[in-house]
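Below: one structure, written as structure tokens.
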Amino acid sequence: MDGTKQRRRGDTRQRIQDVALELFAEQGYEKTSLREIAERLEVTKAALYYHFKTKEEIIVSLFEDLTKPIEDLIEWGRQQPHTLQTKQEIVRRYSQVLTDASPLFRFMQENQATVRDLSIGEMFKNRMLGMRDIVIDPDADLVDQVRCISALFTMHAGMFVMKDLEGDPEEKRKAILEVATDLITQAHKGA
């Protein structure tokens, strides 16, 4: 297959993912049908089936595509020394990953019960455990371990709690990152 046909097929897949995520955000995962996704895309249901047979396939593909950078970050982090600079870099990179995949994380936040029942729930849990393992020093006391985990959750919660507050989104992201970095730094000093 030539590059043009491959790119068009990739573009269609991306369009399906984008429209599906948009509809899931608007009306919820459970209330969105494949027919509605096809209609919004102005394609037949058969054309949609060519790429995805179910809504879950769409969500799994979105999750895999948008969270690949988390997998990459975990792999990178596992190869680094447990220094303060490494942990700060992990938090900085994770902040960017969350920003880049914010529509997916908003979907996951707003559809927690559904996510738990889908295969992505377990995949996401495993990725979070991987993130935990690269920011926590195994020998740290419990309070410092909690600080490290809290740094990750600060970034997650900050995405949702801060979105409704007035202000520049980048400034809010930087403020959340600063608090998360402070928690990591404080935990490292206690180690």
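Numbering follows my numbering, in which position 139 of the sequence shown is assigned residue number 125; successive positions increment by one, without gaps.
Ideal placement from N, C-alpha and C gives every residue a C-beta, glycine not left out.
Predicted model, so just to flag it, every value in this text is computed and none were measured.
- The beta carbons of V77 and I56 sit no closer together than 7 Å.
- Secondary structure at V165: helix, using DSSP grouped into helix, strand and coil.
- Under the three-state reduction of DSSP, F146 is assigned to helix.
- The way I'd put it, the segment 81 to 99 does touch the segment 2 to 13; three or more beta-carbon pairs between them come closer than 8 Å.
- Annotation: the continuous alpha helix (DSSP H) that includes L115 extends over S105 to V121.
- In this structure, L34 lies away from L52, with their beta-carbon atoms at least 7 Å apart.
- A173 is positioned such that its CB atom lies no closer than 7 Å to that of R113.
- Per DSSP, reduced to three states, the secondary structure at G14 is coil, with no helix or strand assignment.
- A straight-line Cα-Cα distance of about 16 Å links R118 and G107.
- Q65 sits exposed, since fewer than 16 C-beta atoms from the chains shown fall within 10 Å of its C-beta.
- For the pair L169 and A137, the CB atoms are nearer than the 7 Å cut-off.
- Annotation for R102: no residue places its beta carbon closer than 6 Å to its own, counting only its chain and skipping 5 residues before and after.
- Measuring C-alpha to C-alpha distances from G144 to each of P124, A166 and L128 identifies A166 as the nearest.
- E28 carries a coil assignment under DSSP once its states are collapsed to helix, strand and coil.
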